[in-house]
Amino acid sequence: MALKKTSALMNLGGSIDLVDGAAYAESRMELPLDSLSREVWVVTDIQVDHELLVFDAAQGGAQTIGIRVSKNSQTGLIEIDDPDCVSSYSATLIQTTAANLGGGAFQQSKTPDEFSTGEGKDYLCIIATPNWFVGGTFATTTGGASNRAAFVRMTGYRAIADVGTYSALIAEQLNS
Numbered sequence: 044m045a046l047k048k049t050s051a052l053m054n055l056g057g058s059i060d061l062v063d064g065a066a067y068a069e070s071r072m073e074l075p076l077d078s079l080s081r082e083v084w085v086v087t088d089i090q091v092d093h094e095l096l097v098f099d100a101a102q103g104g105a106q107t108i109g110i111r112v113s114k115n116s117q118t119g120l121i122e123i124d125d126p127d128c129v130s131s132y133s134a135t136l137i138q139t140t141a142a143n144l145g146g147g148a149f150q151q152s153k154t155p156d157e158f159s160t161g162e163g164k165d166y167l168c169i170i171a172t173p174n175w176f177v178g179g180t181f182a183t184t185t186g187g188a189s190n191r192a193a194f195v196r197m198t199g200y201r202a203i204a205d206v207g208t209y210s211a212l213i214a215e216q217l218n219s
């Protein structure tokens with residue numbers, strides 16, 4: 044694969060507001076790439092965060108949030124085994140004791156869970172089209188909780204791909 048790095052490491056940010064119990068929501072983020080020059084975005088690191096989950100009012104109640112970063116628009120949560128998935132994050136908070144006693148269990152899952160070095164041969168994925176997407180779901184067992192925002196910071200650099208590499212990246216991204 045022939046890529047020529049054309050910028051220093053940069054951070055891109057995105058966010059989405061998730062409504063309790065609503066269907067999958069998604070927000071498109073612009074990625075200003077010059078397709079005539081075969082410019083791509085090489086993702087070296089990604090961080091995902093969200094507003095605080097709070098204990099549910101009832102024992103056994105739970106709050107769950109799922110956040111995905113993808114190369115293409117999605118209709119629901121995808122997992123890391125999907126080639127469009129750049130990052131997968133989920134968290135669940137379960138109330139294990141009577142209301143307001145503070146006992147609970149927390150489960151978190153995120154992929155990738157390590158950061159790269161930002162070197163040219165060390166990257167998470169390459170985005171060849173001018174958009175990326177942040178999507179997710181938020182749900183509580185009792186319903187009616189306030190919305191929760193999800194935040195993403197994607198670190199990477201611009202690069203120019205040779206004709207064969209660019210063609211393959213575009214075909215893979217558009218056909219997946």
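So in our numbering, the last spot in the sequence shown is 219, and the numbers never skip. All residues carry an ideal CB built from backbone N, CA and C; glycine is no exception.
### Query
Considering only the beta carbon of each residue, do Ala182 and Leu212 sit closer than 8 Å?
Against the sequence shown, residue 182 aligns to sequence position 139. Against the sequence shown, residue 212 aligns to sequence position 169. Not in contact: Ala182 and Leu212 (Cβ atoms no closer than 8 Å).
### Which listed residue (Gly104, Ser70, Val62 and Gly103) has its alpha carbon closest to that of Gln117
For the purposes of this step, residue 117 is taken as the residue at position 74 of the sequence shown. Gln117 has its Cα closest to that of Ser70, out of Gly104, Ser70, Val62 and Gly103.
### Task
Keeping to the same chain, check which residues put their C-beta closer than 6 Å to that of Gly119; ignore five residues upstream and five downstream.
As a working note, residue 119 is residue 76 in the sequence shown. The answer, listed in chain order, is Tyr67.
#### Entry: Short Cβ contact (8 Å threshold) for Tyr200 with Leu52
Within the sequence shown, the letter at position 157 stands for residue 200. Within the sequence shown, the letter at position 9 stands for residue 52. Yes.
### Task
Look up Val62 in the DSSP assignment and say whether it is helix, strand or coil.
The residue labelled residue 62 in the question sits at position 19 within the sequence shown. Three-state DSSP puts Val62 in coil, outside helix and strand.
### Buried/exposed call for Thr49, threshold 16 Cβ in 10 Å
Taking the first residue of the sequence shown as 1, we reach residue 49 at position 6. Flag for Thr49 reads exposed.
### Query
Whole-angstrom Cβ separation of Val195 and Cys168, contact assumed at under 8 Å?
Along the sequence shown, one-based indexing puts residue 195 at 152. Along the sequence shown, one-based indexing puts residue 168 at 125. No, Val195 and Cys168 are not in contact; Cβ-Cβ is about 14 Å, not under 8 Å.
### Query
Excluding the five sequence neighbours on either side, which residues of its own chain have a C-beta within less than 6 Å of the C-beta of Thr107, listed in chain order?
Reading the sequence shown from its first residue, position 64 is the one you call residue 107. If we look at Thr107 and ignore the five residues flanking it on each side, its Cβ neighbours are Thr135 and Ala182.
### Message
Just to check my reading of the structure: Val83 and Val177 have Cβ atoms closer than 8 Å, yes? What is that Cβ distance to the nearest angstrom?
### Response
Sequence index remark: in the sequence shown, residue 83 carries index 40 (1-based). Sequence index remark: in the sequence shown, residue 177 carries index 134 (1-based). Not really, about 19 Å apart at Cβ, beyond 8 Å.
### Query
Mapping DSSP to helix, strand and coil, what is Leu212?
Taking the sequence shown and counting its residues from 1, one reaches residue 212 at position 169. In this structure, Leu212 counts as helix in the three-state DSSP scheme.
### Task
Spatial neighbours of Gly57 within its chain, please: CB distance less than 7 Å, with the 5 preceding and 5 following residues excluded, ordered by chain position.
Taking the sequence shown and counting its residues from 1, the one referred to as residue 57 is at position 14. If we look at Gly57 and ignore the five residues flanking it on each side, its Cβ neighbours are Ser70, Met72, Val177 and Val195.
### Query
Excluding sequence positions up to five away, which residues of its chain have a Cβ less than 6 Å from the Cβ of Tyr132?
For the purposes of this step, residue 132 is taken as the residue at position 89 of the sequence shown. Val91, Ile110 and Lys153.
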